[in-house]
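Structure first, then comments.
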Amino acid sequence: MRKLILLALVGLGAQLVDGSLGMAYGVTSTTLLLAIGTNPAAASATVHLAEIGTTLVSGASHWRFGNVDWKVVWKIGIPGALGAFAGATFLSNLSTETAAPLMSIILLTLGLYILIRFTAVGLPKGNLGKPLRKRFLAPLGVVAGFVDATGGGGWGPVGTPAILASGRLEPRKTIGSIDTSEFLVAVAASVGFIVGIGSEGVNFAWVAVLLIGGTIAAPIAAWLVRHIPPRVLGSAVGGVIILTNTRTLLRSDWIDASDGVRYAFYAVIYVVWAAALAYSVRQYRANRDEERRIIAESEAAAAADGPNEKSAAPTV
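In this text, residue positions in the sequence shown follow the working numbering: the first is 11, and each later residue adds one.
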């Protein structure tokens with residue numbers, strides 16, 4: 011019972027992060043399932059089945075708040091579904107001994123990308139309004155869908171930063187469109203896993219509690235997307251993913267590191283993670299203060315120009 015409650019809380023927290031950042035529900039949830047000893051294919055299948063419900067609610071919530079560009083949803087979502095089905099089939103045919111470290115490497119890579127991307131760069135906002143072409147979105151969708159199914163997550167970590175990096179779609183619509191299109195990816199990946207490992211490989215009680223937690227959080231996250239600093243959240247989530255999957259790799263048969271080596275790695279990760287969080291918070295505050303200063307100067311200039319314009323007006 012305690013494990014089910016924990017999974018429900020994880021689903022809630024992961025969806026809050028995913029719905030406000032456009033990534034990390036699958037990566038966060040799968041990382042936890044692997045940490046408690048779940049078969050990699052079953053872990054990814056469990057998360058994707060839960061995501062069918064969470065992405066549906068999340069997409070509807072983002073649509074309600076005007077955060078969805080439907081052209082982007084279809085252009086990236088359909089290729090993403092094809093990639094996800096292929097990835098699920100691929101993972102289902104790997105042995106557990108091979109799949110567990112392999113999935114941890116994928117998740118660790120995604121975690122590093124999230125941490126570095128959001129700590130160092132934040133959210134780029136150039137070139138807003140320019141169209142996103144199908145020749146860019148279709149290959150991106152295939153790759154993101156395949157990584158998502160094989161890594162238990164990755165649709166957001168691959169798709170969201172790539173679209174944000176283009177600077178052509180504002181952050182809230184990028185996040186809303188990625189979250190909405192993920193419904194297609196979740197359905198395709200779930201079908202692939204059912205075909206590959208059968209329903210007996212999935213714990214439906216875990217699916218249910220992840221779904222409940224995620225469904226509760228989805229509308230809240232869609233509302234919060236305009237009110238929380240994604241840069242800080244990205245650094246925090248990236249650190250969690252890196253730490254957990256480093257632990258899995260160091261304990262695997264591939265490495266089988268001693269206690270001393272593991273603890274040394276953990277210490278380094280904690281130090282780097284704390285520094286990244288501190289830097290992200292500092293940069294967020296600096297950018298916020300700069301924006302406020304510019305607004306205040308603009309308002310002061312407008313107020314100062316007002317009387318001059320009136321005095322210069324011709325008398326009728």
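A virtual CB, placed ideally from N, CA and C, is assigned to each residue, including glycine. Given the structure is predicted, the values throughout are model-derived calculations rather than measurements.
Boundaries of the alpha helix (DSSP H) in which residue i is found, first to last residue
{"i": "glycine 161", "result": "144-161"}
{"i": "valine 68", "result": "The question names valine, yet the displayed sequence has serine at residue 68. Start and end: 50-74."}
{"i": "lysine 183", "result": "181-207"}
{"i": "threonine 327", "result": "For the chain, the structure presents residues 11 to 326; residue 327 sits outside this window and is missing."}
{"i": "asparagine 370", "result": "The first residue shown for the chain is 11 and the last is 326, placing residue 370 beyond what the model contains."}
{"i": "valine 247", "result": "240-261"}
{"i": "valine 78", "result": "Premise fails: valine 78 is in no alpha helix (DSSP H) and is neither H nor E."}
{"i": "alanine 267", "result": "No alpha helix (DSSP H) contains alanine 267, which DSSP labels as neither H nor E."}
{"i": "valine 37", "result": "35-45"}
Proximity winner among the options, relative to residue i (alpha-carbon distances)
{"i": "valine 152", "options": "Gly21, Glu180, Gly248, Ala198", "result": "Ala198"}
{"i": "leucine 194", "options": "Trp84, Asp315, Leu43", "result": "Trp84"}
{"i": "leucine 117", "options": "Pro50, Lys81, Leu147, Arg303", "result": "Pro50"}
{"i": "serine 68", "options": "Ala284, Leu22, Ile88", "result": "Leu22"}
{"i": "tyrosine 280", "options": "Ile252, Gly270, Ala296", "result": "Ile252"}
{"i": "isoleucine 15", "options": "Ser308, Phe95, Thr170, Leu221", "result": "Leu221"}
{"i": "serine 200", "options": "Glu309, Ser102, Glu300", "result": "Ser102"}
{"i": "proline 111", "options": "Asp269, Pro181, Thr48", "result": "Thr48"}
{"i": "phenylalanine 203", "options": "Gly161, Thr258, Thr184", "result": "Gly161"}
{"i": "alanine 296", "options": "Gly132, Ile88, Leu66", "result": "Gly132"}
{"i": "alanine 94", "options": "Val205, Tyr123, Lys183, Arg145", "result": "Val205"}
{"i": "valine 169", "options": "Thr256, Asp299, Arg127, Ser268", "result": "The sequence given here places glycine at residue 169; valine does not occur at that position. Among Thr256, Asp299, Arg127, Ser268, the Cα nearest to that of glycine 169 belongs to Arg127."}
{"i": "tryptophan 233", "options": "Arg182, Val278, Gly223", "result": "Arg182"}
{"i": "alanine 24", "options": "Ile88, Ser176, Tyr123, Ala231", "result": "Ala231"}
{"i": "lysine 140", "options": "Asn213, Ala96, Ser176", "result": "Ser176"}
{"i": "threonine 184", "options": "Ala274, Trp73, Ser268", "result": "Trp73"}
{"i": "threonine 256", "options": "Tyr276, Gly270, Asp269", "result": "Tyr276"}
7 Å Cβ cutoff met for residue i and residue j
{"i": "alanine 246", "j": "alanine 159", "result": "no"}
{"i": "alanine 18", "j": "valine 217", "result": "no"}
{"i": "glycine 155", "j": "glycine 63", "result": "no"}
{"i": "glycine 248", "j": "glycine 121", "result": "yes"}
{"i": "alanine 60", "j": "threonine 254", "result": "no"}
{"i": "leucine 179", "j": "isoleucine 86", "result": "no"}
{"i": "valine 57", "j": "serine 39", "result": "yes"}
{"i": "alanine 286", "j": "leucine 125", "result": "yes"}
{"i": "valine 82", "j": "leucine 142", "result": "yes"}
{"i": "alanine 130", "j": "leucine 150", "result": "no"}
{"i": "proline 229", "j": "tyrosine 294", "result": "no"}
{"i": "serine 114", "j": "threonine 225", "result": "no"}
{"i": "glycine 166", "j": "valine 157", "result": "no"}
{"i": "alanine 227", "j": "threonine 65", "result": "no"}
For the structure I just gave you, are there three or more beta carbon pairs, one from the stretch 52-62 and one from the stretch 259-267, closer than 8 Å?
Short answer: they don't touch.
Quick check: the stretch 70-84 against the stretch 181-195, are there 3 or more CB pairs under 8 Å?
The stretch 70-84, when compared against the stretch 181-195, does touch it at the 8 Å Cβ threshold.
Three or more C-beta pairs closer than 8 Å, one from the stretch 243-258 and one from the stretch 286-295: is that the case here?
Yes, since at least three Cβ pairs between the stretch 243-258 and the stretch 286-295 fall closer than 8 Å, the two stretches touch.
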